[in-house]
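Okay, so here's the structure we're looking at.
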Amino acid sequence: DMNSPRENDYEIPRDQIEVVTTIGEGQFGDVHKGIYRTRDMADMPVAIKTCKFHGQDAQGVADRLLEEAHTMRQFNHAHIVKLIGVCTDHPVWIVMEFCKYGEMRSYLQTNKHSLDMTMLMTYTHQLSQALCYLEERNFVHRDVAARNILVAQPDCVKLGDFGLSRYMENQNYYTASKGKLPIKWMAPESINFRRFTTATDVWMFAVCCWEILMMGIKPFQGVKNKDVVGKIEAGERLAMPSNSPPALYHLMLSCWSYDPGQRPLFQEIQQRLSVILEDFEQQ
Ligand code: ADP
């Protein structure tokens with residue numbers, strides 16, 4: 004079958020991958036750090052996602068992961084983690100570009116005393132560029148949040164392998180385990196009607212900016228998931244982080260317009276952020 008996701012041009016011979024250590028746990032299994040060795044390339048550090056599913060479901064899950072890997076292969080952007088290849092025989096491995104500074108939230112928490120506002124705004128600008136790239140391709144991310152961002156360099160952040168999280172939604176895992184929905188990041192129409200569009204990505208992006216400015220603090224602490232949409236519908240929004248340039252918070256508030264049609268596009272957000280960043284640096 005030529006259309007099978009198992010037919011691909013990004014298969015990696017497993018013996019060219021050396022697993023070094025376990026660095027985390029993903030929804031589908033452990034994530035390892037490894038080294039990709041080929042004859043014609045220098046050794047490359049990689050992140051290896053494994054798939055822990057067994058039994059009758061395993062092939063279905065593996066096929067979906069490989070399909071999503073195929074989607075990710077099409078993206079080539081400085082601020083989106085690159086898919087390097089896959090090992091399709093069991094156990095399935097998804098091999099990604101390695102981001103050596105790890106998860107953004109813990110990076111922000113650990114380095115909060117040395118990160119200045121210019122750097123935080125640089126991160127938000129980089130992410131808006133990645134999301135603008137996806138917007139141009141009509142690709143909806145659905146899970147923009149600081150927990151899904153990796154730090155490649157102290158001045159370079161990347162959107163993680165979102166294709167894999169999208170899989171959960173397609174398979175009803177999302178509705179089956181409502182507790183796992185990222186309610187506090189979601190636009191009201193996503194919460195109310197399960198509607199996901201570029202405009203809902205814009206809402207989530209602004210929540211993610213808030214997390215970045217707050218150095219990795221999660222939104223709506225102490226609020227129950229079921230109370231979030233009521234607060235939003237009553238006009239409440241996340242408060243301005245004390246260090247935020249007012250222009251940046253103003254942009255975030257526009258991303259939190261109740262009416263999705265009133266929210267700016269990433270194209271505009273990205274332009275406005277570069278102006279806000281320039282103005283800030285000239286002060
Ligand atoms: P999933 O989305 O499948 O739940 P994650 O993407 O959250 O899995 O990965 C789990 C952990 O593995 C992350 O929190 C991070 O610490 C680590 N990790 C994942 N991908 C990479 C990567 N490309 N580079 C470095 N570390 C990574």
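If you're matching positions, the sequence shown starts at 4 in my numbering and goes up one per residue. Note that CB positions come from ideal geometry on N, CA and C, so glycine has one too.
Counterpart residues of residue i in DSSP-defined beta bridges
i, result
"residue 35", "25, 51"
"residue 152", "162"
"residue 86", "99"
"residue 106", "153"
"residue 20", "39"
"residue 14", "89"
Residue i Cβ short of 8 Å to ligand 1 heavy atom set
i, result
"residue 346", "Absent from the structure is residue 346, since the part of the chain shown begins at 4 and ends at 286."
"residue 122", "no"
"residue 183", "no"
"residue 34", "yes"
"residue 211", "no"
"residue 187", "no"
"residue 102", "yes"
"residue 119", "no"
"residue 75", "no"
"residue 270", "no"
"residue 84", "yes"
"residue 264", "no"
"residue 164", "yes"
"residue 243", "no"
"residue 50", "yes"
"residue 225", "no"
"residue 106", "yes"
Assigned exposure category for residue i - 16 Cβ within 10 Å defines buried
i, result
"residue 285", "exposed"
"residue 138", "buried"
"residue 65", "buried"
"residue 41", "exposed"
"residue 176", "Interpretation of residue 176 is limited by its pLDDT of 39, a score under 50 that renders its predicted location unreliable; the figure taken from the coordinates is listed afterwards. Counting Cβ neighbours within 10 Å, residue 176 comes out exposed, since fewer than 16 surround it."
"residue 265", "exposed"
"residue 63", "exposed"
"residue 269", "buried"
"residue 18", "exposed"
"residue 245", "exposed"
"residue 37", "buried"
"residue 52", "buried"
"residue 88", "buried"
"residue 272", "buried"
"residue 282", "exposed"
"residue 203", "buried"
"residue 262", "exposed"
### Query
Fully enclosed by the stretch 226 to 272, which beta strand (DSSP E) runs are 3 residues long or longer?
none
### Message
Check whether the stretch 16 to 29 and the stretch 70 to 77 touch, using three or more Cβ-Cβ pairs below 8 Å as the test.
### Response
no
### Those runs of the beta strand (DSSP E) which lie wholly inside the stretch 120 to 146 and span at least 3 residues
Restricting attention to beta strand (DSSP E) runs no shorter than 3 residues, the stretch 120 to 146 encloses none.
### Message
So, does the stretch 182 to 198 touch the stretch 121 to 133, judging by three or more C-beta pairs under 8 Å?
### Response
no
### Task
Give a yes or no on contact between the stretch 217 to 225 and the stretch 108 to 117, applying the rule of three or more CB pairs nearer than 8 Å.
yes
### Message
Can you confirm whether the stretch 140 to 152 touches the stretch 269 to 278 when touching is taken to mean that 3 or more C-beta pairs between the two stretches lie within less than 8 Å?
### Response
no
### Query
Does the count of Cβ pairs from the stretch 153 to 164 and the stretch 229 to 249 closer than 8 Å reach three?
Contact between the stretch 153 to 164 and the stretch 229 to 249 is absent, with fewer than three C-beta pairs closer than 8 Å.
### Message
Any contact between the stretch 88 to 95 and the stretch 190 to 198? By contact I mean 3 or more CB pairs, one from each, below 8 Å.
### Response
no
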